[in-house]
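Structure first, then comments.
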């Protein structure tokens, strides 16, 4: 009797198992017809016949409107017979959604992402098509900035179409405050430290930094490291020819700790959250004088309060006198979203056409109006905002532009970098320890890759 | 008489003390909610300059109007549908499973019970990929129906665990007397055990209801078009790549929370009362 | 006569099993599809070196598991989970019980308390994370302000690796205590009213009633609550992810956040699956052994 119950149980379980397993192997059965504007069946590489599924992170205005504009333009003007369906997903969950879909082999036909480590991973795994031919034949080839194209290039092939935003890291400051204390934009690191000391004496926190998000502190570190040693040590370390324990990295870490001890950052810097707005809050309350971050902050300030934005000035990270590194080097990204393609033939052509629409004059004008800097040549002539003009100028004059470490590095190394650096800020790790951990992650990565 | 007085005095002191603590805890529980509501009336810049814990300048309903004129009602309906179906099915299935585990004597009872406890230990994120594959394969992907399966399944282990422990507490005598009246096992479940398990079921309804209502991971992996999203995704419209509009999000979250308070009041009151009456009769 | 009785007994047993199978079938099917299949899938994936998205993966046998056993980050995460577990049980269950007792004694007039006390469980982690991040801010936060009244300086709770975990645990306890309150309220209703009546007639005070009569009757519920809290704490994810992201450094990393990062952020799905598998084994073991210990005592 007992056997029988057991058998029954086993049977029902087995039935369910096979059902589910079979279901998983079964591939697409395709649900909706995708006729509506935000179609039903999508996400799969084979998708609907004439439907191109486009994943992106445009959930909030103005990003949402930029993408909608481009997609609508394509849908109404195209002669390819294809329709693009945009699927926006919020940034924080977007990467995970992509991984889930890709691991089931159901990558969307085109998707927008950051360039750097994760993008290379997608391409290496077969979810990106080279678009050299289409790109070379297209007018966007001459339109886009070279540095933007180079960020879209991997293993000598162009894989993506950059759009949206040039973001250079630099220092935003409160002009009124600088006037009040008779401060000038600094030329050297020593000048910057003098400014900090003056602000500090007047009970103002020099830098508004919220480092619970980790990448925010990395902004300071990357700039310091680049000013101490240029980009060569970094590039060598990534290639496995150098080490992340190079002098410039250690010096940058030590400088960070020196600044922490001097009180240049807010109290409890590692507990403040960038996402919750705790850095910009210090700027708005005028208890902090400067903020080092990506130039997208122009848009943030302007949408929060146009009035406050009037008070804001900007300068690139100053040079270090005793270092011979090129001070024109910028840390940032030339375009903060790149469209990658996962389809072939006619569909790829159509998808590429839709990507081109993101760089259409009309769309570019709209972006500029909303404080964005599309990565196209001659954009400075369109800009009216003085800060964004300065940013573009700095980017154009830069001998080299290094992408954010946490985007550029293989994700595991990036995590090691961010975790270690946060502890450097918290004074619970020495720069040496943090860099050794980062180097170890890099070694592991290279060893795995070599296998 | 003296003893009585003393007791009375002691009792009053105890109550006063208990009330003081209770009120303290009331404040601790309530404050964050209050501030959530207060911040939902502010403007973004106002919130950041004047601080999160300040009163809003004015009772400005603009945030609410914007939220309500957006996709909120669609999300709301989706959430209600998913919640109702999942919860009803869950309660029935969990009750069914708990009944034999709590009341029958058979050798497999303990291993099965242990197996269900083990099922509680599964980390939800690791199931995202298999569940995604299944929902693609069954064609349920990007519809609210895709959510029901996982919502029930991942609530089942804990529910069976709780309900079994509740059903075990029901006195044997009640069952025995019904058995003498010729009540079969299945009938016993519906007419005796199920009504007596109401407080347990109410607990489950409340707990799982809240979880399903706020569930996030499956909601965004298994749906993609905006008309199939549930409430927890409604905040997306105010969360950008670099910043978020917190007061707006607080408005969304306040509106999301209110129906749950109403649900709690209804469930809690009705079921606990019904139960006490039943127990007295028994 | 005797023979007939035996077969009757047998018949009854057969009936029991049939009904049991019928009642358990839906759960069995659901578990097979949504829990057992993913678990098997996880264990299979854990034998590969795989970034999670490419079509090709490399079989490395128990390689990931060897790494896991030697991975100090994982064991630190496990230790953090144990801290959460112990504190959750010690804080949530007694407070939950106290609240429920208060409500049980007070009756219907205390509904306002009941509803308000329940609110933390209803709030979304997004809101909780946001508000507590501001309330705990070193400068101008609630705790620092209170410390200021007593002449203390600013307190950095979330940014300090020594206090960050404890601080988040307090918030977690704040959020989940209402669940145990509801749980024990339901348990109270399981105590028949006449037991209470009888105790009152015998002249027992409320205190005596609680300690001598209600408390022993509530012990089984407390045991279950402890198991629930245990499992919940060991696979905890939400507020840690929202409030600290595992930081500062890795001081608040939990098994679940570690697994999540490995699987979804650092393209290490094979290893992430080993972490998930390890988590599953550890949690099941801890909870089953505890259950055995608790119930063993009960029977003795």
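Residue numbers (the working numbering), protein chains in the order written: chain A, 329 to 779; chain B, 178 to 459; chain C, 115 to 414.
From the three backbone atoms N, C-alpha and C, an ideal C-beta is built for every residue, glycine too.
Which class does residue i belong to by DSSP, given the choice of helix, strand or coil?
{"i": "residue 261 of chain B", "result": "helix"}
{"i": "residue 766 of chain A", "result": "helix"}
{"i": "residue 302 of chain B", "result": "helix"}
{"i": "residue 735 of chain A", "result": "helix"}
{"i": "residue 331 of chain A", "result": "Here the model assigns residue 331 of chain A a pLDDT of 46, short of 50, so the residue's position is not dependable, and the following value carries that caveat. Three-state DSSP puts residue 331 of chain A in a helix."}
{"i": "residue 400 of chain C", "result": "helix"}
{"i": "residue 527 of chain A", "result": "helix"}
{"i": "residue 472 of chain A", "result": "strand"}
{"i": "residue 307 of chain C", "result": "helix"}
{"i": "residue 777 of chain A", "result": "helix"}
{"i": "residue 318 of chain C", "result": "coil"}
{"i": "residue 271 of chain B", "result": "helix"}
{"i": "residue 429 of chain A", "result": "helix"}
{"i": "residue 713 of chain A", "result": "coil"}
{"i": "residue 230 of chain B", "result": "coil"}
{"i": "residue 288 of chain B", "result": "helix"}
{"i": "residue 197 of chain B", "result": "helix"}
Residue i bridges to which residues according to DSSP?
{"i": "residue 440 of chain A", "result": "A:667"}
{"i": "residue 729 of chain A", "result": "A:658"}
{"i": "residue 416 of chain B", "result": "B:421"}
{"i": "residue 382 of chain A", "result": "A:414 and A:438"}
{"i": "residue 184 of chain C", "result": "Answer is none; residue 184 of chain C lacks a bridge partner."}
{"i": "residue 172 of chain C", "result": "C:163"}
{"i": "residue 490 of chain A", "result": "A:666"}
{"i": "residue 497 of chain A", "result": "A:622"}
{"i": "residue 641 of chain A", "result": "A:501"}
{"i": "residue 704 of chain A", "result": "A:472"}
{"i": "residue 482 of chain A", "result": "A:485"}
{"i": "residue 533 of chain A", "result": "A:616"}
{"i": "residue 516 of chain A", "result": "A:647"}
Out of the options, state which residue places its alpha-carbon closest to the alpha-carbon of residue i.
{"i": "residue 355 of chain C", "options": "C:343, C:345, C:369 and C:394", "result": "C:369"}
{"i": "residue 718 of chain A", "options": "A:658, A:774, A:751 and A:595", "result": "A:658"}
{"i": "residue 345 of chain B", "options": "B:277, B:238 and B:212", "result": "B:277"}
{"i": "residue 493 of chain A", "options": "A:701, A:382 and A:595", "result": "A:701"}
{"i": "residue 406 of chain A", "options": "A:605, A:750, A:753 and A:681", "result": "A:681"}
{"i": "residue 204 of chain B", "options": "C:218, C:167 and C:226", "result": "C:226"}
{"i": "residue 452 of chain A", "options": "C:164, C:139, C:160 and C:141", "result": "C:164"}
{"i": "residue 124 of chain C", "options": "B:216, B:199 and B:283", "result": "B:283"}
{"i": "residue 837 of chain A", "options": "A:664, A:771 and A:653", "result": "A query on residue 837 of chain A cannot be resolved here, the shown segment of chain A reaching from 329 to 779 and no further."}
{"i": "residue 146 of chain C", "options": "B:352, B:213, B:266 and B:304", "result": "B:304"}
{"i": "residue 644 of chain A", "options": "A:547, A:477, A:439 and A:429", "result": "A:547"}
{"i": "residue 409 of chain B", "options": "C:239, C:143, C:235 and C:194", "result": "C:239"}
{"i": "residue 730 of chain A", "options": "A:550, A:565, A:762 and A:692", "result": "A:550"}
{"i": "residue 286 of chain B", "options": "C:305, C:282, C:142 and C:196", "result": "C:142"}
{"i": "residue 336 of chain C", "options": "C:367, C:300, C:322 and C:310", "result": "C:300"}
{"i": "residue 193 of chain C", "options": "C:364, C:380, C:148 and C:158", "result": "C:364"}
{"i": "residue 478 of chain A", "options": "A:736, A:765, A:758 and A:455", "result": "A:736"}
{"i": "residue 459 of chain A", "options": "A:677, A:514, A:623 and A:588", "result": "A:677"}
{"i": "residue 661 of chain A", "options": "A:480, A:596, A:775 and A:582", "result": "A:480"}
Segments assigned alpha helix (DSSP H), at least 4 residues, entirely inside the region 358-398 of chain C:
369-374
Would you check if there are 3 or more beta carbon pairs closer than 8 Å linking the region 608-624 of chain A to the region 532-543 of chain A?
yes
Would the region 378-392 of chain B and the region 409-422 of chain A be scored as touching if the rule is three or more Cβ pairs under 8 Å?
no
Counting only runs that start and end within the region 361-407 of chain B, where is the beta strand (DSSP E) found for 3 or more residues in a row?
none
Specify whether the region 365-382 of chain B and the region 412-430 of chain B touch according to this definition: at least 3 beta carbon pairs, one from each stretch, less than 8 Å apart.
no
Which ranges does the alpha helix (DSSP H) cover as unbroken runs of at least 4 residues, wholly within the region 569-617 of chain A, from first to last along the chain?
575-589 and 606-612
Taking three-plus beta-carbon pairs below 8 Å as touching, is the region 324-333 of chain C in contact with the region 390-406 of chain B?
no
Three Cβ pairs or more, each shorter than 8 Å: is that satisfied between the region 212-221 of chain B and the region 232-244 of chain B?
yes
With three or more beta-carbon pairs closer than 8 Å as the criterion, would you say the region 265-276 of chain C touches the region 614-623 of chain A?
no
Counting pairs of beta carbons, one from the region 193-207 of chain C and one from the region 333-348 of chain C, are three or more of them closer than 8 Å?
yes
Are at least three pairs of beta-carbons, each pair with one atom in the region 386-393 of chain C and one in the region 242-258 of chain C, less than 8 Å apart?
no
Do the region 292-308 of chain C and the region 226-236 of chain C meet, that is, are 3 or more Cβ pairs less than 8 Å apart?
yes
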